[in-house]
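Engineer:
Residue numbers (the numbering used here): 7 to 272.
Printed below as a string of structure tokens:
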């Protein structure tokens, strides 16, 4: 009977200790959230003091992206067929390959670049975008411009699982509503996760942007958007670095800010 009481007391003490530890962890988590919220609010105030209005409803939280590496696979005839139909002939052009199909001609580069031209246009915009999707390209429209001669230039940003890659664009030109040319780098190959550094918060990214802006003498009045992206570097092997992108109301409009700290996260 005595041992049972002692055992119950020990269990009760363990429960109390675990609850106390759980409460401490919860308090620290709450404190961290509050500190970051206050940091975001302070950053908006700092921007306002520099005559810059922050238009997004709120400053984002964490970056949430891992550094990636892509070992590119050169595009092949199968990809060319998706753009210009059945291939009639192929011809080497230095390191590149020119494939002539039923709909047009496409040039394939070993580093992933694809350039297609359509001498006798037959694809309208929905059909052209369907060809991109069939090619495995994930994208979203970035801009469209209409020239004086009636040529429509449609620019799309490529995505990696929904995350924008602003340097990787797809350009399509249309005349009288039909596709005349298309160019992109096909991001196909072996993907790897690589070690990275500790991510920085959006507030820190905004501070870095403001410091760089002041150093460079750049002037803007609004930050129109702030979002996580990948910055892409390399040729045959690409490195995708987590990056905060700051959009403003003044050219050059878009500013990349390194999304990682100066020291390793390990």
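Just so it is clear, CB atoms sit at the ideal spot from N, CA and C, and this is done for glycine as well. A quick note: this is a predicted structure, and the numbers were derived from the prediction, not measured.
Here's a check: name, in chain order, each residue in its chain whose Cβ is nearer than 6 Å to the Cβ of residue 187, leaving out the five neighbours to either side.
Structural biologist: Same-chain partners within the cutoff: 123, 179.
Engineer: To which residues does DSSP link residue 104 through a beta bridge?
Structural biologist: According to DSSP, residue 104 bridges with 97, 113.
Engineer: Assess contact between the region 66-78 and the region 240-256, defined as three or more Cβ pairs (one per stretch) separated by less than 8 Å. Is contact present?
Structural biologist: The region 66-78, when compared against the region 240-256, does touch it at the 8 Å Cβ threshold.
Engineer: Here's a check: name, in chain order, each residue in its chain whose Cβ is nearer than 8 Å to the Cβ of residue 150, leaving out the five neighbours to either side.
Structural biologist: Excluding residues within five positions, the ones whose Cβ falls inside 8 Å are 158, 159, 160, 161.
Engineer: From what residue to what residue does the beta strand (DSSP E) around residue 149 run?
Structural biologist: Residue 149 -> beta strand (DSSP E) spans 145-152.
Engineer: Give me the DSSP bridge partner(s) of residue 231.
Structural biologist: Paired residues: 253.
Engineer: Report yes or no: do the region 125-136 and the region 170-185 share at least 3 C-beta pairs separated by less than 8 Å?
Structural biologist: The region 125-136, when compared against the region 170-185, does touch it at the 8 Å Cβ threshold.
Engineer: Does residue 48 pass the burial test, meaning 16 or more other C-beta atoms within 10 Å, or should it be called exposed?
Structural biologist: Residue 48 comes out exposed.
Engineer: Would you call the CB atoms of residue 114 and residue 86 closer than 8 Å?
Structural biologist: Yes. Within cutoff.
Engineer: What does the alpha-carbon distance come out to for the pair residue 116 and residue 52?
Structural biologist: Residue 116 and residue 52: Cα-Cα distance of roughly 47 Å.
Engineer: Any idea what DSSP makes of residue 222, helix, strand or coil?
Structural biologist: The answer is helix: DSSP assigns residue 222 an H, G or I state.
Engineer: When the distance is taken between beta carbons, is residue 262 closer than 8 Å to residue 249?
Structural biologist: Yes, Cβ-Cβ distance for residue 249 and residue 262 is below 8 Å.
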